[in-house]
Amino acid sequence: MAKDLLYTNGVIAAKEKYLLKDKIFRLCEGGAEEALRALTESGFGRGVEVTSVYGYEKLVVADERDIDAFIREYSPSDTELQYFLAPRDFHNAKALLKAHYLGLDKQNLLAPDGLVSADFIADRIALGKYDGLDKYLAEALAEGAALFSEERKNDASGAETGAIFDKALFKRLNESCRKDKTLKKLIRTRADMINILTALRSASAKYASQFYLPGGKLAEKELAKLFSENADEAEHALDGTEYAEFLRLCLADRAAGLPFTRAERLQESYEANYLAANKYELEKNRPFLYYVFRRRAENADVRILFACILAGMNDTDIKRRLRSTGEKWKAVN
Numbered sequence: 002m003a004k005d006l007l008y009t010n011g012v013i014a015a016k017e018k019y020l021l022k023d024k025i026f027r028l029c030e031g032g033a034e035e036a037l038r039a040l041t042e043s044g045f046g047r048g049v050e051v052t053s054v055y056g057y058e059k060l061v062v063a064d065e066r067d068i069d070a071f072i073r074e075y076s077p078s079d080t081e082l083q084y085f086l087a088p089r090d091f092h093n094a095k096a097l098l099k100a101h102y103l104g105l106d107k108q109n110l111l112a113p114d115g116l117v118s119a120d121f122i123a124d125r126i127a128l129g130k131y132d133g134l135d136k137y138l139a140e141a142l143a144e145g146a147a148l149f150s151e152e153r154k155n156d157a158s159g160a161e162t163g164a165i166f167d168k169a170l171f172k173r174l175n176e177s178c179r180k181d182k183t184l185k186k187l188i189r190t191r192a193d194m195i196n197i198l199t200a201l202r203s204a205s206a207k208y209a210s211q212f213y214l215p216g217g218k219l220a221e222k223e224l225a226k227l228f229s230e231n232a233d234e235a236e237h238a239l240d241g242t243e244y245a246e247f248l249r250l251c252l253a254d255r256a257a258g259l260p261f262t263r264a265e266r267l268q269e270s271y272e273a274n275y276l277a278a279n280k281y282e283l284e285k286n287r288p289f290l291y292y293v294f295r296r297r298a299e300n301a302d303v304r305i306l307f308a309c310i311l312a313g314m315n316d317t318d319i320k321r322r323l324r325s326t327g328e329k330w331k332a333v334n
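Numbered by our numbering, the letters in the sequence shown go through residues 2 to 334 in order.
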C-alpha cells in the first residue's frame with residue numbers, strides 16, 4: 002500500500018537533524034574515546050551503552066536496526082522495500098546454504114532479516130524444498146545446493162556460489178524495480194561498475210563472463226574490450242559511455258600497483274552521490290531514498306572511522322577512506 006509521501010517527508014525532515022553530516026570529519030581529528038563520546042551524546046546508537054571504544058560496533062548495529070525499522074514503516078511502496086531489504090535475503094540464503102553443507106556456525110555469517118526470516122530460509126534448506134520463497138531466491142538455493150552434491154562438491158568454490166546468489170539478486174531487483182526510473186538507474190549503474198571491476202580482476206574475458214551481473218547497460222562485448230592486448234584500446238574501451246572516468250581511475254590504480262579501493266568507494270557511494278547531485282530537486286520517493294542512503298553511508302563511515310583510529314592512522318588518511326569524502330564520480334542523470 003502506497004504511503005503518504007508528504008507525511009513521510011515531514012518525518013524525514015524531523016529526523017535529518019540527527020544525521021552526522023560534516024561531524025564525521027571532525028571525529029577523525031581526535032582520539033577514539035573522544036569520537037565515541039561525541040557520537041553517544043549526539044544520540045547515535047539509540048541509547049545503547051558501551052563500556053569501551055571497542056564496543057562501537059554495538060552502536061552501529063543499533064542504528065542499522067533503527068534504519069530497518071524506518072524502511073519497513075515508511076517505504077513509499079513495496080518497490081523500495083525490495084530494493085533495500087531483498088539483498089539481506091540473498092546474503093542470508095547464501096550463508097545458510099554454506100553453513101548447512103560445510104558445518105559452519107551460521108550465527109557469525111548472518112545479516113539482519115530482510116523480507117524473509119533467516120529461520121524460515123534455514124528450514125527450507127534443511128528440507129531441500131524452497132516453496133514459500135521468491136522464485137529467484139528459490140532458484141539460487143537449488144542451483145547452489147547442486148554445487149554441494151556428492152558429484153560436484155570438490156569443484157564448488159566460494160566465488161562460484163557467490164556468483165549464483167549475486168546474479169539472482171540482480172534479476173530480482175531488476176524485476177521488482179523496473180517501473181521506478183530512479184531505482185532502475187541505480188541498479189543498472191551498480192551492475193555496470195561491479196562488472197567493470199570484475200573484468201579488471203579477471204585473467205580472461207571467458208572467466209569474467211561467469212560472474213557478470215545482469216541488468217547493466219554495458220554489453221559483454223564492450224567489457225571484452227578491457228582484455229585487449231593493445232593497452233591504448235583497453236584504456237579507451239569505454240570512451241563515449243558514462244564509465245570512461247571510472248575506468249581511467251581503475252587503470253591508474255592498477256598501473257600504480259594499488260588495489261581498486263578508490264573505485265570500490267565510488268561504487269559503494271554511488272547511490273547517495275547520484276541523489277546528492279540534485280538534492281534540492283528531490284521529488285516523489287527520492288527524499289526517502291536519499292535519507293536512507295545517507296544513513297547507511299554514515300554507518301559505514303563510523304565503522305571505517307573507528308577501525309582506522311584504533312589502527313593508529315592519521316586524520317587525513319582516515320578522511321580519504323570515508324564513503325562521504327574522497328573523489329566524487331559525477332553521476333549522469
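We put the beta carbon where it would ideally sit given N, CA and C, even for glycine. What you are looking at is a predicted structure, and each value in this text was computed from that prediction instead of being measured.
In this structure, R297 sits near E65, with a CB-CB distance shorter than 9 Å.
Leaving aside the five residues that flank R191 on each side, none in its chain has a CB nearer than 6 Å to its CB.
If you draw a straight line from the Cα of E50 to the Cα of A278, it comes to about 36 Å.
Going by beta carbons, T262 and D254 fall inside the 9 Å limit. Nearest Cα to S53 within the set I319, S43, L311 and Q211: L311.
Excluding its 5 nearest sequence neighbours in each direction, R189 has C-beta neighbours in its own chain below 7 Å: G216, G217 and K218, listed in chain order. The closest CA to that of D167, considering only S205, A94 and D120, is found on A94. For P88 and Y291, the gap between their C-alpha atoms comes out near 18 Å.
Rounded to whole angstroms, the gap between the alpha carbons of S210 and E221 is 7 Å. At the C-beta level, A204 and A225 stay beyond 9 Å of one another. Unbroken alpha helix (DSSP H) stretches of 4 residues or longer found wholly inside the stretch 64-103: 79-103, given in chain order. In the structure shown, V51 adopts coil according to DSSP, grouped into three states. Annotated three-state conformation of E230 is coil, per DSSP. Taking each of L187, E236 and C309 in turn and checking the Cα distance to E272, the smallest one comes out for L187.
Apart from the 5 residues on each side of it in sequence, I305 sits with its Cβ closer than 8 Å to the Cβ of I319, R322, L323 and R324 in its chain, given in chain order. Taking C309 as the centre and dropping the five residues before and after it, the same chain places the C-beta of I319 closer than 6 Å to its C-beta, in chain order.
If you ignore the 5 residues before and after L239, its C-beta comes within less than 6 Å of the C-beta of A245 and L248, all in its own chain and listed in chain order.
Shown here, K180 sits in coil according to DSSP, grouped into three states, outside any helix or strand.
Under the three-pair Cβ rule at 8 Å, the stretch 135-144 counts as touching the stretch 159-175. Contact annotation, D302 with I122: C-beta distance approximately 30 Å; criterion of less than 8 Å not satisfied. Taking C-alpha positions only, G159 is separated from G32 by approximately 38 Å. Inclusion of F85 and S78 in the CB contact set at 9 Å is not warranted, their separation being larger than that value.
Annotation: S177 to N315 spans about 43 Å, alpha carbon to alpha carbon.
Collapsing the DSSP output to three states places L21 in coil.
The beta carbons of Y19 and F307 sit about 19 Å from each other, so the pair does not count as a contact at 8 Å.
DSSP places F149 in no alpha helix (DSSP H); its state is neither H nor E. A direct Cα-Cα distance of roughly 26 Å separates L105 from Y55.
Residue state for T162 is assigned as helix, using DSSP reduced to three classes. Under the DSSP assignment, A301 falls in the alpha helix (DSSP H) whose first and last residues are R287 to L311. Linking F294 to R38 through their CA atoms gives a straight-line distance of about 25 Å.
With respect to the C-alpha of L214, the residue from D193, T317 and R202 having the closest C-alpha is D193. The alpha-carbon separation between A96 and K107 amounts to approximately 7 Å. For E269, the enclosing alpha helix (DSSP H) starts and ends at T262 to A277. Boundaries of the alpha helix (DSSP H) harbouring L37: A33 to E42, taken from the DSSP string.
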